[in-house]
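Following: one structure in structure tokens, then a few remarks.
Protein chains: 2
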Amino acid sequence: MSAGRPLTCEEVLRYGQQIVPSLGVATVYRNVKMLAGEGWLSEVELPGGGLRYELADLPHHHHFLCRSCDQAFDVHQCPDEVQSLAPAGFEVDSHELILFGRCAACT
Amino acid sequence: MSAGRPLTCEEVLRYGQQIVPSLGVATVYRNVKMLAGEGWLSEVELPGGGLRYELADLPHHHHFLCRSCDQAFDVHQCPDEVQSLAPAGFEVDSHELILFGRCAACT
DNA sequence: ATGATTACGAGAATACACTATCATTCATAC
DNA sequence: GTATGAATGATAGTGTATTCTCGTAATCAT
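And the structure:
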């Protein structure tokens, strides 16, 4: 919640170990998976490896992926006509827009 | 080229084996990687596993990923204002828009 | 406190995409 | 046709993200 952006399990682990240094990977994977299963977190699949997780109750938004630090950030806007872009006969049920570049810290 | 959509190495293998049944994975990975390295193919990273490859000289476009058959298709349109969506201080150098749903064949 | 139950964490085990190895096959030049 | 070098493909190996195992530790009810 305090991160305000999607986190990988590895990031959760690092954050968590600042509070509970003995925290292990198994606990992170176990609980993140459980929280996702119970609907508290949702999975975000971005290019470049593992799943990321974010709070499930966020309003519709998209993501920015920094090519330098590999952190994901939220983008709170969405081009609206998206659903209409699919070829005829294709049924769109959701979409993801990913911006690539360098985040403010890495610029 | 004849597929007209991004293919995973596994898909390339299956296509190829219809022509040369003895074709092996190593040859596919080797050549796809070489073609990408030489600029003939470009890598497409979509959620859900391995890299996909498409012809490098295609005009700007995006992708549709069928949740049922896991095949990727091209979407030949792009919402234009994309660059402007990033938070202040973030530098966007490219973007990817992915539509999820069911393709015409799976509907 | 005591026992029962649940959660934890270290490290082994797994899954999977990809790569390396190397004997064999193919292609080309002569 | 033969020699020579490159490409192929079966299979073993690697790397890495995730999950399992199981002994230990924390939690809870009584």
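Taken in sequence, the protein lines are chains F and W.
Reminder that position 14 of the first sequence reads as 14 in the numbering used here, one-by-one numbering, no gaps.
For any residue, its number in the numbering used here is found by taking its place in the second sequence, counting from 1, and adding 107.
Positions of the beta carbon are idealized from the N, C-alpha and C atoms, including for glycine.
Cβ neighbours of residue i in the same chain (closer than 7 Å, five flanking residues each side left out)
i, result
"A143(W)", "S149, E150 and Y160"
"P6(F)", "V44, R52, Y53, E54, H63 and A72"
"L120(W)", "L130, V132 and V135"
"A163(W)", "G146, W147, L148 and S149"
"V32(F)", "C9, V12, L41 and Y53"
Sequence-distant residues of its chain with Cβ nearer than 8 Å to residue i (five each side left out)
i, result
"S175(W)", "R209, C210 and C213"
"H95(F)", "V82 and Q83"
"V182(W)", "H168, H169, H170, F171, L204 and L206"
"A3(F)", "E11 and Y15"
"Q184(W)", "H168 and H169"
"Q124(W)", "L130"
"A86(F)", "V92"
As assigned by DSSP and simplified to three states, the class of residue i
i, result
"E117(W)", "helix"
"S2(F)", "coil"
"V127(W)", "coil"
"E145(W)", "coil"
"R52(F)", "strand"
"R209(W)", "strand"
"D164(W)", "coil"
"L192(W)", "helix"
"D177(W)", "coil"
Under 8 Å by beta carbon: chain F residues contacting residue i
i, result
"R209(W)", "F90, E91 and D93"
"T214(W)", "G89, F90 and E91"
"V132(W)", "Here the premise fails: no neighbours, minimum Cβ distance about 22 Å."
Contacts that residue i makes with chain W (C-beta to C-beta distance below 8 Å)
i, result
"G48(F)", "E152"
Within-7 Å CB hit, residue i to chain W
i, result
"P79(F)", "yes"
Test: residue i CB closer than 7 Å to a CB of chain F
i, result
"L204(W)", "yes"
Cβ neighbours of residue i in the same chain (closer than 6 Å, five flanking residues each side left out)
i, result
"T115(W)", "G157 and R159"
* Name the residues in the stretch 161–195 of chain W whose C-beta lies less than 9 Å from a C-beta of chain F; which are they? -> H169, F171, C173, R174, F180, D181, V182, H183, Q184, C185, P186, D187, E188, V189, Q190, S191, L192, A193, P194 and A195
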